[in-house]
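Protein chains in written order, with the working numbering: chain A, 1 to 256; chain B, 1001 to 1256; chain C, 2001 to 2254; chain D, 3001 to 3254.
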């Protein structure tokens, strides 16, 4: 990875102080980065999804997010995917009595490829996300190519019985991949919880380059397939985090 | 009604050429009006709901919607609810190679009161709209006061079993009113179809001021309560338009 | 030769224009019948969507408006206006959209008036307004326009420009800030007009059986090129029974 | 007098600050424990919502992050980030929101740094970044900040201003274009700071039992007014058992 636009790099308790490799790369000067806020990135993807050039936002005026730009001018010019300006502060043309003046505009994002993991999809490509949608629908619709991995494929007839529960129409999806436990070691609402054991394992192996390399070889580069990965995790652990249907997570899961 | 902001005034087949009283008022110079497009009004409400000052839109450049303003300057200045400018055409600050230049900004709307009719709500105020949400959620969240009429009140526990099917949180709702057939003579997906008989009746009575007055006295001003209104419509008609659960409308309804 | 009404041939001409990979933005009325007919004729995989948020509706029964609950059955997603218009302006899906709508007036470049006749502020006749057609016409890959063939409707300059066609001539749209995509055909009860690739001026492309080019020109207030007109294929038995028995059995629209 | 950890008193001080009509914007970690505690102490009708889209979560179990599926149970609505941030910036709901978050550095006006220590482009220490705190602090009615009481954290000027506090002094926010609402208190492991109504400068408001005002000042790189400090009420038995038995039985956060 050469450059990232980021609004929050971390997995809370399992990476105290911030994402382990994310911190290492920035502190080591190994990667270009640009900081936004969570709401800005949400609106940037929403603009991309709706074909709008930018979105207005009021928050972050008076902060360094506006003043300090991570990507330099040359890099912005050289890479067509990066907007030439991080953001623009403009006057609100509809300000009535001179109070509500400044507004920040953030540029749209249209990714080349978006990858999301959803609970269900049908063979044709209609996608159903259960629980929170985070910014998945915006990121999905903003992309040129969209790949959706899902826990289950359901019949078209079934998924179209309650279409108000579907978020992404099939013609916006380029590929559906059935990957049960595809979000492991993070959670998938209604199917399985996050795996504290594996997240702690990563937390121990990630800080040091050597042990991080071992982790990659063992669980990422070294596995032949997703099934092979799940075998390594082991049936026992997978059943330990299986979600209770009514709650959507595993009640009483040991999470220390 | 003194002034309206409108993007489509009509009920299709039941008002060929446009809303009957709407046309009459404008052609008779009885009302101020301002024209927008359906997408502009959608985005104006969305901006109001999200607390944003305006929304960008690219469509309608080169049309009279941009050039011809219905409300005059004096009226705009005198009424705080009306934006001082109908819209603003600006340069896109993120235009890369000089092509993607102009963008239209439309001002947010925050209504004093929004009235919507939804399928279900619980006593606390959480609202569930089934089928299409049109722009109801945006219009509801943009308002200072929100009154929601609904077909059915359901238990809080039930409506919170699948919260991803609810659109409006209870603390944004000021009043819930249980009004079965509250959308009559228009449809309510999953509960009842539109009533062609009554819509045709209106179509016949509305054009002439005298018969329109009769219609109002009979079905609007003259009724003591909603139940009284439903008695006038009659059990037979109400059962004729009852929706088939699976379809959400009445299959084979005579609609000439 | 089967008997057919002008509305029936209008619908079928539009249906034949729709391709399999098209995403069809459906307005209210006759355009719905055309979109449904296309699914059974030339474009079984075409996707019908409504500005109200019904995407890829199955349409077991003909809806009477874009808000009709019949647009909500068996869709891929039931969403809202923001989502539908997002599909129009989305850089990847917009160009695949075919918009179908009608209008009260049209000019030589396909610019439409659905707002008023006469002075905007005090019109002789007031219509519903832009609705979603203006947004669709700004972004769709191409659009099909239904018009009644009357002199007062085909005018040099529309009283109110509600929906952008080719904006005056070549490069007009680009200059206005719109993508260079616009109307591809105008279907009336007498024939079909298209737009010259270079001048973007309307010209007569087809006349229905039994109608001469000059008869169409007589019902227009603008002079158009008649030299390229050929006769349109009349409706077939199957096409007509499809309309009459399956799509609009109650004759609600055609 | 019951034994308690400094984290426990920090959480309880925050919980007592939350009122019944508050809509609580909950960050990750200790702020969640405070929001949950408040529901059982001072604000049973307060509404907990997460930037990820879980609105009025029942929180049977303590979530470990704002994305934890535990935030999705029994909510009024499960939506997404756009909806949650809409609540923050909405002119009618925003002012009712209380934001609760932590930070690596804070200055005299409550401006926070959650991004980096040292030079932004090549920092000694890099943190996760703004997350949603910056958006919340820009619009919430007021906010509660959790900090460890250390010299290097209470500084004259933060290395990176991620989240706006009072911006330098009176009228600072208005001039920057932000509503004139800002942080109300800073809770550390030694005491509580608030902001002077006029100067918007931080002053010592409370010290925990057994801690002297000067001891708090010694752990700060900035001079603050100590004259108004009084002792904070220690946690009660019920409050502590509420935290230990009901809210965080596994001691995941406190």
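Here a beta-carbon is modelled for each residue, glycine too, at the ideal position from N, C-alpha and C. As the structure is a computational prediction, the values presented were derived from the model and not from experiment.
Identify the continuous beta strand (DSSP E) that holds residue i and give its terminal residues.
i               : result
residue 2142(C) : 2142 to 2146
residue 1033(B) : 1032 to 1035
residue 1261(B) : The displayed coordinates of chain B run from 1001 to 1256. Any statement about residue 1261(B) would go beyond what the structure contains.
residue 2172(C) : First-last for residue 2172(C): 2172 to 2176, but that is the alpha helix (DSSP H), not the beta strand (DSSP E).
residue 2245(C) : Premise fails: residue 2245(C) is in no beta strand (DSSP E) and is neither H nor E.
residue 3195(D) : 3191 to 3195
residue 2118(C) : 2116 to 2119
residue 1055(B) : 1054 to 1057
residue 150(A)  : 145 to 154
residue 22(A)   : Here residue 22(A) belongs to no beta strand (DSSP E); instead the alpha helix (DSSP H) covers 20 to 27.
residue 3185(D) : 3183 to 3187
residue 2083(C) : That residue, residue 2083(C), is in no beta strand (DSSP E); its alpha helix (DSSP H) goes 2081 to 2089.
residue 1114(B) : 1113 to 1122
residue 3025(D) : 3023 to 3026
Please confirm if residue i has its CB atom under 7 Å from at least one CB of chain B.
i               : result
residue 2254(C) : no
residue 3018(D) : no
residue 2129(C) : yes
residue 3143(D) : no
residue 3086(D) : yes
Using a beta-carbon distance below 7 Å, is residue i in contact with chain D?
i               : result
residue 1049(B) : yes
residue 128(A)  : no
residue 101(A)  : yes
Put residue i into one of helix, strand or coil per three-state DSSP.
i               : result
residue 3231(D) : strand
residue 1211(B) : helix
residue 3094(D) : helix
residue 2149(C) : coil
residue 3018(D) : coil
residue 3048(D) : strand
residue 2201(C) : coil
residue 3127(D) : coil
residue 2009(C) : helix
residue 1064(B) : helix
residue 77(A)   : helix
Does chain A have any CB closer than 7 Å to the CB of residue i?
i               : result
residue 3229(D) : no
residue 2065(C) : no
residue 3090(D) : no
residue 1089(B) : no
residue 1131(B) : yes
Label residue i either buried or exposed according to how many other C-beta atoms from any shown protein chain fall within 10 Å of its C-beta, with 16 as the threshold for buried.
i               : result
residue 2002(C) : exposed
residue 2212(C) : exposed
residue 146(A)  : buried
residue 1214(B) : exposed
residue 2017(C) : buried
residue 1221(B) : exposed
Residues in the same chain with beta-carbon distance under 6 Å from residue i, minus the five sequence neighbours each way, listed in chain order, please.
i               : result
residue 255(A)  : 196
residue 1246(B) : none
residue 1186(B) : 1194
residue 1229(B) : 1223
residue 139(A)  : 45 and 114
residue 2194(C) : 2185 and 2205
residue 1036(B) : 1007
At what residues does the alpha helix (DSSP H) containing residue i begin and finish?
i               : result
residue 2213(C) : 2213 to 2218
residue 1138(B) : 1136 to 1141
residue 2135(C) : 2133 to 2139
residue 233(A)  : 226 to 233
Beta-carbon within less than 8 Å of residue i's beta-carbon, same chain only, minus the 5 sequence neighbours each way: which residues are those?
i               : result
residue 3246(D) : 3040
residue 3161(D) : 3111, 3112 and 3113
Please return the same chain residues whose Cβ sits closer than 7 Å to the Cβ of residue i, not counting the five positions on each side in sequence.
i               : result
residue 3126(D) : 3116
residue 1216(B) : none
Would a check of beta-carbon distances place residue i closer than 7 Å to chain C?
i               : result
residue 1202(B) : no
I want to check one thing, is the minimum distance from the CB of residue i to the heavy atoms of the ligand ADP below 6 Å?
i               : result
residue 2106(C) : Of ligands this structure carries none, so the ligand ADP is not represented either.
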